[in-house]
Every structure is written in structure tokens, then in C-alpha cells.
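Chemist:
Numbering (our numbering), first residue to last: 9 to 85.
#1: For residue 25, which residues does DSSP report across the bridge?
#2: Between the region 59-69 and the region 28-40, do at least 3 Cβ pairs fall closer than 8 Å?
#3: What are the boundary residues of the alpha helix (DSSP H) that includes residue 77?
#4: Using the three-state DSSP reduction, which class does residue 52 fall into: helix, strand or coil?
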């Protein structure tokens, strides 16, 4: 099951700085390590989502790898 990303987890370890651009737009700055950790968490969450989706769509059908390679070779000829 996909674990939600909540403020109780990773977000408690972030130290954002809120700044305003010269045009008045509100911006948020993070230390680079925290930004990279946030990106990694999002990527892991996306991977888990794709895994859960693949499990839900699994029909149980399996193909031998050797058969897959033969089929692929025929399509590439």
C-alpha cells in the first residue's frame, strides 16, 4: 500500500526560508541536502505508486525471458 507523504514525516525535517522575489512573487528556499532528500522521497513514492498499479493490473500471465527475446528479435527484423 502506498504510504502518504505527510507533514509528520519528511516535512518535519525541512527548514524552509520564505522570501519574496523583486517582482513580489513568494518563494521558498531549502538547503540543498533537504531539497535532494525531498526529491528522493517523491521519487520513492512515485516508484511505490507504479508498483501498486502494476500489482493491481497483474493478470498472472508470465512469459519466459527466452520467449520474450525471440519475440523481440522477430519484431526488430
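Heads up, the beta-carbon is just placed ideally off N, CA and C, and yes, glycines get one too.
Modeler: Let's see:
#1: According to DSSP, which records beta bridges pairwise, residue 25 is partnered with 37.
#2: Counting Cβ pairs under 8 Å, fewer than three are found: no touch.
#3: Where residue 77 is concerned, the enclosing alpha helix (DSSP H) stretches over 73-84.
#4: Reduced to three states, the DSSP call for residue 52 is helix.
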